[in-house]
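Visitor: For the sequence shown, this note's numbering assigns the number 47 to the initial residue and increments by one for each residue that follows.
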Amino acid sequence: MSGYKNPETLYKEASELRARLATATLTPKDRRAIPQQDMPAQEPRVRARNMQEVAIGYSEDQAVVESARCLGCANAPCVSGCPVGIDIRGFLKETAAGKFDDAFSIIRKSSMLPAICGRVCPQEKQCMAACTVGKAEKDPEKAVAIGRVERFLADRASAKQKGAAVSVAKPAPSGKKIAIVGSGPSGLTTAADLARLGHSVTIFEAFHKPGGVTVYGIPEFRLPKSIVDEEVKNLKALGVEIVCDYLVGRTRTVRDLMEKDGFSAVYVANGAGLPKFMNIEGEDLVGVFSANEFLTRSNLMKAYDRGVADTPLFTAKRVAVFGGGNVAMDAARMALRTGAEEVHIVYRRTETEMPARVEEVHHAKEEGVIFDFLANPTKIIGDEKGRVRAVECLRYELGEPDASGRRSPVAIAGSEYTMEVDACVVALGNESNPLVTGTTPELTVNKRGNIVVGDKGETSMKGVFAGGDIVQGAATVILAMGDGRKAAAGIDEYLRSL
Ligand SMILES: Cc1cc2nc3c(=O)[nH]c(=O)nc-3n(C[C@H](O)[C@H](O)[C@H](O)COP(=O)(O)OP(=O)(O)OC[C@H]3O[C@@H](n4cnc5c(N)ncnc54)[C@H](O)[C@@H]3O)c2cc1C
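Here's what the structure looks like:
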């Protein structure tokens with residue numbers, strides 16, 4: 047990943063390159079020689095102290111130039127790398143020709159949330175991992191930057207809408223009612239597909255705002271909430287009803303929804319919102335947070351907006367974040383933006399084994415987050431008032447590869463050290479919340495508490511389907527959407543069989 051370049055320079059370079067490419071007939075070799083277009087971003091030290099989106103977005107010139115890198119492979123391997131099967135080759139071809147509206151229509155056929163996916167999908171592990179350009183470079187990060195072009199097209203389309211919902215022809219009503227539990231990417235995708243088929247859809251959401259992790263977990267500086275709001279508005283325009291502050295499993299059970307409220311089918315997409323803890327001494331001290339709570343307070347409850355939001359924010363000067371995934375990166379970068387002077391990521395393996403996206407690690411480093419690799423907390427130490435004062439960590443070295451193929455961390459006996467901190471954020475991942483499954487004994491779950499489903503998202507309970515993180519375990523936005531899409535087809539087929 048290259049060093050920081052100011053957006054004006056990137057735009058100018060792209061404009062000159064586009065002009066040169068416009069007059070050339072490009073061979074595959076020429077296309078491979080086009081440099082990947084960097085994503086313009088706010089200057090690192092400035093953005094580390096504000097909530098605005100880090101990535102600014104491609105210019106038209108950049109989108110055209112980047113799309114011209116696509117070789118138009120006959121078998122389009124990138125498409126098979128996309129969980130919702132977007133015709134990537136097709137939209138890149140239209141973009142390279144400057145036909146942005148046509149390009150966006152291609153995306154819209156398969157994806158309900160392109161502005162979100164363009165920003166947060168781990169493309170380097172999906173579509174970009176399959177791209178021939180990246181394979182030739184032996185680095186998926188060098189593949190055609192598919193997500194950046196997707197984001198450009200989605201943002202451009204949204205700007206043209208000027209805040210109005212996308213108008214859609216309403217299909218003839220089927221007379222069937224479907225309930226969806228949870229308004230994350232999976233629930234929203236299923237709702238859109240079913241509404242387009244003429245079914246009456248109601249989403250029940252526990253929080254006061256729809257969007258799932260995209261509103262409560264992924265920070266504003268990575269995914270502005272106005273983008274999620276816009277997708278929700280489009281969904282409502284399709285006729286989908288969203289009932290917030292409604293906890294399925296408490297307010298109503300899944301069975302109640304079907305037997306008392308007349309829903310013919312239910313799609314369970316309640317995510318994996320239960321944080322994992324380390325079970326070490328001191329984890330109950332004041333100043334220790336799960337990443338979920340820390341991010342929910344800052345994001346959904348807008349705690350960063352001091353003086354405007356009512357949500358209290360724990361102020362800390364030195365923060366330690368435990369974990370090496372995207373959630374840990376988000377928590378660390380949020381800690382900087384909410385006033386911490388020094389933020390450490392403590393991770394027991396090395397950077398190579400980190401599950402977080404390379405881009406997120408790169409951004410965190412640029413912003414000044416300090417990485418303490420090969421270390422793991424053993425206890426959190428409090429002061430006389432029960433507040434965090436320090437964390438004791440143990441050093442590790444790498445041993446043999448484990449079942450995941452990554453080299454496993456091996457503790458170095460007697461290597462304990464203490465780091466002074468006044469807040470700790472535990473970001474070790476999430477598990478499924480047992481509320482829905484616990485109150486619906488008909489649902490078969492695996493040993494991790496995830497709902498077991500068949501090919502069409504069908505569960506062991508007739509008329510009940512499930513998908514997203516509640517089935518996959520904590521996964522990704524696009525996989526949750528892929529499940530939603532599959533289940534919508536399954537639900538439609540089921541309803542037609544009644
Ligand atoms: C901090 C963080 C950062 C992430 N970053 C990325 C990223 O960069 N890229 C990426 O692809 N993925 C990322 N993920 C993962 C991704 O967000 C999830 O895989 C995805 O949101 C799962 O979608 P879902 O619809 O299954 O569940 P969710 O998004 O979790 O939505 C579930 C919804 O169900 C609601 N709910 C729960 N229980 C009930 C109930 N009993 N009744 C009613 N409603 C209920 C919840 O309030 C929530 O709104 C991140 C996750 C986190 C936590």
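Backbone N, C-alpha and C define an ideal beta-carbon position, used for all residues, glycine too.
Less than 6 Å between C-beta atoms, sequence neighbours within five positions excluded: which residues of the same chain meet that for Phe-137?
Guide: Ala-149, Ile-152 and Ile-153
Visitor: May I ask which residues mark the beginning and end of the beta strand (DSSP E) holding Asn-422?
Guide: Residues 421-428.
Visitor: Which residues in the same chain have their Cβ closer than 6 Å to the Cβ of Val-373, if we skip the five residues on either side of it in sequence?
Guide: Ala-337 and Ala-473
Visitor: The beta strand (DSSP E) spanning Cys-128 covers which residue range?
Guide: Run containing Cys-128: none; DSSP gives neither H nor E here.
Visitor: If we call anything under 8 Å between Cβ atoms a contact, is Val-434 one with Ala-469?
Guide: yes
Visitor: What do you reckon, is the C-beta of Gly-514 under 7 Å from a heavy atom of ligand 1?
Guide: Relative to ligand 1, the nearest heavy atom lies less than 7 Å away from the CB of Gly-514.
Visitor: Please report the distance separating the alpha-carbon of Arg-394 from that of Ala-421.
Guide: Cα to Cα, Arg-394 sits roughly 4 Å from Ala-421.
Visitor: Just to confirm, is the Cβ distance from Ser-105 to Tyr-57 under 8 Å?
Guide: yes
Visitor: Using CA coordinates, which residue listed in Asp-429, Ser-157 and Gly-263 is at the minimum distance from Arg-197?
Guide: Distance from the Cα of Arg-197 is smallest, within the candidate group Asp-429, Ser-157 and Gly-263, for Ser-157.
Visitor: Can you tell me whether Ile-80 is buried or exposed, with buried defined as 16 or more other CB within 10 angstroms of its CB?
Guide: buried
Visitor: Looking only at DSSP bridge pairs, what is Ala-109 linked to?
Guide: Bridge partners of Ala-109: none, in fact.
Visitor: Can you tell me whether DSSP reads Cys-116 as helix, strand or coil?
Guide: coil
Visitor: Counting Cβ pairs closer than 8 Å, one from the region 417-432 and one from the region 380-399, do we hit at least three?
Guide: yes
Visitor: Which residue from Pro-186, Tyr-262, Thr-248 and Glu-277 puts its Cα closest to that of Asp-307?
Guide: Thr-248
Visitor: Under the DSSP definition of a beta bridge, which residues are partnered with Met-465?
Guide: Beta-bridge pairing links Met-465 to Val-437.
Visitor: Tell me whether the beta-carbon of Val-259 lies closer than 8 Å to the beta-carbon of Asn-316.
Guide: no
Visitor: Within the region 206-290, note down every full beta strand (DSSP E) run reaching 3 residues or more, in order along the chain.
Guide: 223-227, 246-250 and 287-289
Visitor: Taking the CB atoms as reference points, tell me whether Ala-175 and Pro-160 lie closer together than 8 Å.
Guide: no
Visitor: In this structure, does DSSP put Ser-336 in helix, strand or coil?
Guide: strand
Visitor: Quick one: residues in its chain with C-beta nearer than 6 Å to the C-beta of Pro-321, no 5 flanking neighbours on either side, listed in chain order?
Guide: Ser-336, Asn-338 and Asn-476
Visitor: Among the residues of its own chain, which have a CB less than 6 Å from the CB of Asp-538, if the five just before and after it don't count?
Guide: Same-chain partners within the cutoff: Leu-243.
Visitor: Among all the DSSP beta bridges, which residues are the ones paired with Lys-298?
Guide: It is Arg, not Lys, that sits at residue 298 in the sequence shown. Arg-298 pairs with Val-294.
Visitor: Taking buried to mean at least 16 other C-beta atoms within 10 Å of its own C-beta, is Tyr-463 buried or exposed?
Guide: exposed
Visitor: Tell me the DSSP bridge mates of Ala-512?
Guide: Val-314
Visitor: Confirm the yes/no value for this check: CB of Ile-273, any heavy atom of ligand 1, distance under 7 Å.
Guide: no
Visitor: Quick check: what's the CA-CA separation for Cys-173 versus Ala-436?
Guide: Straight-line measurement puts the Cα of Ala-436 at about 43 Å from the Cα of Cys-173.
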